[in-house]
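Report on one structure; see the data block that follows.
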Amino acid sequence: MFEHLNGTLSRTQRRRLLDLTRWTITVLLVVYALFPAAWVFSASLDPRNSLAQQSLIPPNASLENYRQLVANPVQPFGRWMLNSIKISVITSVLAVLISALAAYAFSRFRFAGRRSLLLTILLIQVFPNFLAIVAIFLLLQQVGMYIPSLGLGTHGGLILAYLGGALGINTWLMKGFFDAVPRDLDESARIDGANDRQIFVHIIFPLVRPILAVVGILTFIGTYSDYVLASIIIKDRDAMTLAVGLYQLISGQFTQKWGVFAAGATIGAIPIVLVYLVLQDYIIGGLTRGAIKG
Amino acid sequence: MIRVGTGLKRQQVSASLSLSEVAFRLMALALVDAVAIWLVIRMVTDGVWLLVTLVTIITVGLNVVFLREEFYPLRWMSPGLALMILMVVYPLVFTVYTAFTNYSDGHLLTKQQTIKRITTGLQNMYVPEGGTAYRWVAFEAEDGTLALWLTDAEGNHYFARPGEPLRPARAGEGIFGPPDEQGVPTAIEGYTRLNRIQAAANRELPSIQFGLPPNAVQVRTPSEAAVLRPRFVYDPQQDAIVDQKEGKIYVADDANGFFVSADGETLTPGYIVTVGWRNFSRLFNSPAIRGPVIRVFIWTVVFAAASVVTTFALGLFIALLYNDPAVRGRKLIRSLLIVPYAIPAFISILVWRGMMNPQFGVLNRALDTWLNISPPWFSDPMWARLGVILVNLWLGFPYMMLVCSGALQAIPDDIYEAAEIDGAGAWKKFRLITLPLLLVSVGPLLISSFAFNFNNFNVIYLFNQGNPPMRGTLTPVGHTDILVTYVYRLAFASGGGKDYGYAAAITIIIFLIVATITLFNFRYTRMWEEVSEHV
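Written out as structure tokens, the structure reads:
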């Protein structure tokens, strides 16, 4: 990249120039990456609550927007946040369990149709089930007639819809990890009289905790960020998730509600960003194996 | 070889399973069956056949898997598979079925349901020729039952109660109190007279038949009650609905899902019928549909490709920049640069939407000040397309950065050393060594990223809902709509015009495209061989 400078500059000069360029670019990149976050955080502290007047350092910074966010019953922000966390936690825990069980079977047992079953699961899960929302709608409506807590408009129904996609890439990721656990461990436990269930619970499970954490976190984030399914299944304002609620909050009156929205966005983003930064090494491991954040 | 070996070992183990484990399994299964049977019985009584089928399939499946030893591995997958059948496979099957029907606004019910809808209900009733109309006043008994005081055109009065014949009556006689100026009793013993507002507020009133059929009287309007006859009657012999008032016959047209008269008039609503490949052929043959769909399809591909290329380019650039271990603070820089990826996408997209607001957004204010331009991100097609790609770049570059820096570290240094000895410069090394080697390892992730963006609903919908709208299309379409948001519009467009059959046809095409990409990706990564060889 810098060959044209070869003749005129000494080696140290070249090195210094390179460093300088690198740091300039770094600053630009960091500004690019962080500016929206900084901007929205600053907006959340700007009591004027307006998109038009906002500046990066708000004069008279206050927590007024946060107060309005929690105080106004028209936008039960606390409920949305709790709903989102509840739904995402339950979905990710169950999804991890369900796919760990399946991954164990794919990793440890040899049976007819094993390859084609795994391939089928992966291919079927490519189908974005929100596109068949009419079917899901009718189904949940009817399920609700018999099991009200899993019907349309309930968190149970939404979780059910999310869990339909629990297998798929998760199972694939986990299977790869399970395969790396030496089978000698199983065999020696088996000789000691352990059965499959005991091997799974006492030997494999503790060893694969990192991948379980990755799948759990990615599922959590994916569920937390979902807009489509949640917007169609949940209609009641108090039962909404954060994604649907925040979207409702700003639709139509973006310019007037900017500050309140910014406060909501800040609170909504912080837990996820923290999880990400703290666990980034784990998550990155999972991502580079083909997982995609929702 | 391996197959036989492990299979045997497992069977030995299951043979030595303790009795209590087997008993527990059977009891759990019995419990599941009991609940399922109870549910199915209730569902059969209600005629909810769809659920009956699904519950039966899943329950029978569970029984087979848990009772037959050869399906042992499937026991471990049964919770996931059951949920997948319920929430993904069934919706997929339903979508395939829907794609071959005319399911849409105006065709929402089955033929039987539609016949019932057309031939029953108050809106279907009419006053036959020579029928009598009355003015009416309602009275309510203490137990809530209603009665009518009727006055015909000649001034005759009747007292009418449900289930007994009309009784000629006169105010001021017997239980009837003194007449008002209309001749209606001001009070009736045991009844309270309802005024117009109270009567209008009573929701049951219009559906009650006063008197004995076939001469029962029903309230039709706030002032009029009459002997009513059903106007539309279904005749199974002709498979037609006959209009008793006009004498017209509407014959069932099972090819189109309508009852049609000889002069081409149809009754609403129509009903659901299978229409073969019509939804698909419309896609390819009807110019009004084909035009927008082709544009949406091209944009979907362009959007997905542009997203991959831009995020990959920026991600790779950053990865190269910090690939040198001598750079201080790499870890910190990485942490800062993955922030866009860590923020939940729906939040960032909405924030960008605010920042790119043409009048007030900070980006537009800055561009206006420095470059004297204020891009109309939401109203101009080209700017809107550029806008979503830019937003998606910000959302996606950290992923590519992480992926690329991992892959870069895996490239052995001695290749570069060898190249340097041959006198290759930085650019040549990048072009001939780094890029090709990187593409081999990162390629599959680029393909899945393409597939992901192909269906990236959130970024399109939350940014500007696929707008600005194209002009002159049959159904609403926007310039930044990708296939999934287009389908969403078709199925959920507010206010009429929902066409589920057509939406399902496009959904299937999307599924086929993405499934093909995924299959290709498996091939490419040799993931498949891995599945079979890896122990």
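Line by line, the protein sequences give chains V and R. Quick note, the first sequence lines up with residues 1 to 294 if you use the working numbering. Quick note, the second sequence lines up with residues 295 to 829 if you use the working numbering. Heads up, the beta-carbon is just placed ideally off N, CA and C, and yes, glycines get one too. As the structure is a computational prediction, the values presented were derived from the model and not from experiment.
8 Å Cβ cutoff, residue i in contact with chain V
i	result
Ala494/R	no
Met378/R	yes
Val382/R	yes
Phe597/R	no
Asn749/R	yes
Phe504/R	no
Tyr669/R	Correcting the residue identity first, residue 669/R is Pro in this sequence and not Tyr. Answer no: the Cβ-Cβ gap between Pro669/R and chain V never drops below 8 Å.
Ile331/R	no
Arg336/R	yes
Glu827/R	Any reading at Glu827/R must be qualified, since the residue scores a pLDDT of 40, below 50, and its modelled position is unreliable; no value is offered.
Phe318/R	no
Val307/R	Caution is warranted here: a pLDDT of 47 is assigned to Val307/R, below 50, making its placement in the model unreliable, and no coordinate value can be reported.
Top-ranked residue by Cα proximity to residue i, from the options
i	options	result
Arg584/R	Arg461/R, Leu368/R, Glu363/R, Gly766/R	Gly766/R
Thr604/R	Leu506/R, Val685/R, Asn550/R, Ala317/R	Val685/R
Leu806/R	Ala620/R, Leu689/R, Leu777/R, Gly791/R	Leu777/R
Pro479/R	Asn489/R, Gly466/R, Ile491/R	Gly466/R
Lys625/R	Leu18/V, Thr26/V, Leu20/V	Thr26/V
Leu377/R	Ser107/V, Gly165/V, Leu279/V, Pro47/V	Gly165/V
Leu631/R	Leu28/V, Asp19/V, Leu20/V, Thr12/V	Leu28/V
Ala701/R	Leu614/R, Phe453/R, Arg725/R, Thr439/R	Leu614/R
Leu348/R	Ala265/V, Leu274/V, Leu140/V	Leu140/V
Asn651/R	Val527/R, Leu665/R, Trp677/R	Trp677/R
Asp880/R	Gly760/R, Ile566/R, Ala519/R, Gly623/R	The displayed coordinates of chain R run from 295 to 829. Any statement about residue 880/R would go beyond what the structure contains.
Ser699/R	Leu361/R, Phe757/R, Leu729/R, Gly477/R	Leu729/R
Asp437/R	Tyr485/R, Leu740/R, Tyr635/R	Tyr485/R
Met81/V	Ser99/V, Thr241/V, Ala95/V	Thr241/V
Within-8 Å CB hit, residue i to chain R
i	result
Gln280/V	yes
Phe41/V	no
Arg22/V	yes
Ser225/V	yes
Leu5/V	Confidence at Leu5/V is low in this model, with a pLDDT of 49, below 50, so the placement of that residue should be treated as unreliable; the coordinate-derived value is given next. Taking Cβ atoms only, chain R never reaches closer than 8 Å to Leu5/V, which makes this a no.
Gln198/V	no
Met1/V	Low confidence applies to Met1/V: its pLDDT is 48, below 50, so where it sits in the model is not reliable enough to give any reading.
Ile98/V	yes
Pro206/V	no
Listed by chain order, chain V residues near residue i by CB distance under 9 Å
i	result
Asn450/R	Near Asn450/R there are no residues of chain V at all, since even the closest Cβ is about 50 Å away, more than 9 Å.
Phe606/R	Those within 9 Å of Phe606/R in chain V number zero; the least Cβ separation is about 14 Å.
Chain V contact residues for residue i, given Cβ-Cβ distances below 7 Å
i	result
Pro385/R	Asn129, Ala132, Ala135, Ile136
Tyr794/R	Val134
Asn752/R	Tyr227
Asn686/R	Residues of chain V passing the Cβ test: none, with the nearest at roughly 13 Å.
N-terminal and C-terminal residue of the alpha helix (DSSP H) that residue i is part of
i	result
Arg110/V	That residue, Arg110/V, is in no alpha helix (DSSP H); it is neither H nor E in DSSP.
Val74/V	It is not in any alpha helix (DSSP H) - Val74/V carries neither H nor E in the DSSP assignment.
Leu732/R	729-748
Interface residues of chain R facing residue i [CB-CB closer than 7 Å]
i	result
Trp258/V	Gly648
Phe77/V	Those within 7 Å of Phe77/V in chain R number zero; the least Cβ separation is about 13 Å.
Val273/V	Val633, Ala636, Ile637
Proximal residues of chain R, C-beta to C-beta of residue i below 9 Å
i	result
Val31/V	Going along chain R, no residue has its Cβ under 9 Å from Val31/V, so there is no contact; the nearest lies around 10 Å.
Leu246/V	Phe640, Ile641, Leu644
For residue i, the first and last residue of its enclosing beta strand (DSSP E)
i	result
Gln512/R	511-513
Val382/R	Premise fails: Val382/R is in no beta strand (DSSP E) and is neither H nor E.
Glu434/R	427-435
Arg487/R	485-487
Listed by chain order, chain R residues near residue i by CB distance under 8 Å
i	result
Val126/V	Ala745, Phe805, Val808, Ala809, Thr812
Thr297/V	In the structure displayed, chain V extends from 1 to 294; residue 297/V sits before or after that span and is not available.
Tyr104/V	Trp370
Distance CB(residue i)-CB(residue j) smaller than 8 Å
i	j	result
Met812/R	Gly791/R	It should be pointed out that residue 812/R corresponds to Thr in this sequence rather than to Met. Cβ atoms of Thr812/R and Gly791/R: not closer than 8 Å.
His155/V	Lys86/V	yes
Ile352/R	Ile331/R	no
Ile270/V	Ile221/V	no
Phe106/V	Thr171/V	yes
Met371/R	Leu173/V	no
Tyr420/R	Leu444/R	no
Pro367/R	Phe111/V	yes
Phe654/R	Ala52/V	yes
Tyr227/V	Asn749/R	no
Ile637/R	Ala213/V	no
Neighbouring residues, chain V, relative to residue i (Cβ below 8 Å)
i	result
Leu345/R	Leu139, Gln142, Val143, Tyr146
Leu323/R	Near Leu323/R there are no residues of chain V at all, since even the closest Cβ is about 16 Å away, more than 8 Å.
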